[in-house]
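Worksheet: one structure, shown below.
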Amino acid sequence: MTTPVFFGCTFIAFGPAISLFLFTIARDPLRVIFLIAGAFFWLVSLLLSSLVWFIAVQISNKENASVQKGLLIFGVVLSVLLQETFRFGYYKLLKRANEGLVALSQEDAMPISIRQLAYVSGLGFGFMSGAFSVVNILADSLGPGTVGIHGDSQHYFVSSAFMTMAIILLHMFWGVVFFDACEKKRWWAVLIVVLSHLLVSCLVSLSKWKSLLGFVVKLQSLSLYRSSLKGTLVYKVERG
């Protein structure tokens, strides 16, 4: 069952995002370039946050469990803040790049709109984030070993795949909202994106209380349902 679990979880985690890529991005070389650039920006933000966290761990007391736990929380918060900082930097870069494309183009209209840039860059952030979130889990799903053989939940791989899918879609929605807020200078909406990103990232710490697992699962299911509806709307907007 290891191979079916691997492919099933892979299609659950990346199926919706790959479908969006094939139907709305793959046919336009410019969108593909911006998607890859967005993924690169997310990767650089992860590299910087990992470097800071690694240095902090090395200079701290490794035998103190509370200190290490605090550093882990610090690493999560720092990673989210750096991701949103790089998202803002990428927005500024795309604005200048779009103005340059308009100057070089023979047409007066922009070759790609800000909304399309937001959607494409958000999906690029999501692809890279999802890959780093689930790649090790998918590798373990190939075996050897059986999940739940000692009485634990057997749905670890499936639930991780669904959570990865939600994170990928959320990055896409965060990108759309973030870029629109920057365009209209609605900084409160930017703050909502940052706070919601922090909330989703910190929900992992709730898993140690088993009484809250049902709440987290229901919240995740609601998030996935809303994500599917928003994804449909985004697709309609991008298709015109």
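Note that the numbering used here has the sequence shown beginning at 59, numbered continuously upward.
For every residue, glycine included, the Cβ atom is placed at its ideal position computed from N, Cα and C.
In this text the structure is predicted, and so the values were computed from the model without any measurement.
Below 8 Å, can you find three or more Cβ-Cβ pairs linking the stretch 136-148 to the stretch 96-103?
-> yes
Between the Cα of leucine 151 and those of Leu253, Ser179, Ile131, spot the shortest distance and give me the residue it belongs to.
-> Looking at the Cα atoms, Ser179 is the closest of the given residues.
Between the Cα of tyrosine 177 and those of Phe190, Gln141, Trp232, Val63, spot the shortest distance and give me the residue it belongs to.
-> Per the Cα distances, Trp232.
Contacts around serine 107, its chain only, beta-carbon distance under 7 Å, and the 5 residues preceding and following it disregarded = Gly133, Leu136, Ser137, Leu140
Residues near tryptophan 267 by beta carbon distance below 7 Å, same chain, minus five either side = A caution first: tryptophan 267 carries a pLDDT of 45, below 50, which makes its placement in the model too unreliable to give a value.
Closer than 7 Å by C-beta to valine 110: which residues in its own chain qualify, once you throw out the five before and the five after it? Chain order, please.
-> Leu136
What is the rounded straight-line gap between the Cα of lysine 79 and the Cα of serine 171?
-> Going by the sequence as given, residue 79 is phenylalanine instead of lysine. So the alpha carbons of these two residues sit roughly 17 Å apart.
Report the three-state DSSP secondary structure of leucine 136 (helix, strand or coil).
-> helix
Does the distance from the CB of leucine 228 to the CB of proline 74 come in under 9 Å?
-> no
Between glycine 201 and threonine 82, is the Cβ-Cβ spacing less than 9 Å?
-> It is not a contact, given that the beta carbons lie outside the stated cut-off.
Can you have a look at glutamate 142 and say buried or exposed, based on whether 16 or more other CB atoms are within 10 angstroms of its CB?
-> buried
Terminal residues of the alpha helix (DSSP H) in which isoleucine 250 lies = Element bounds for isoleucine 250: 245-260.
How would you label glutamine 174, buried or exposed, when you count the other beta carbons within 10 angstroms and need 16 or more for buried?
-> buried
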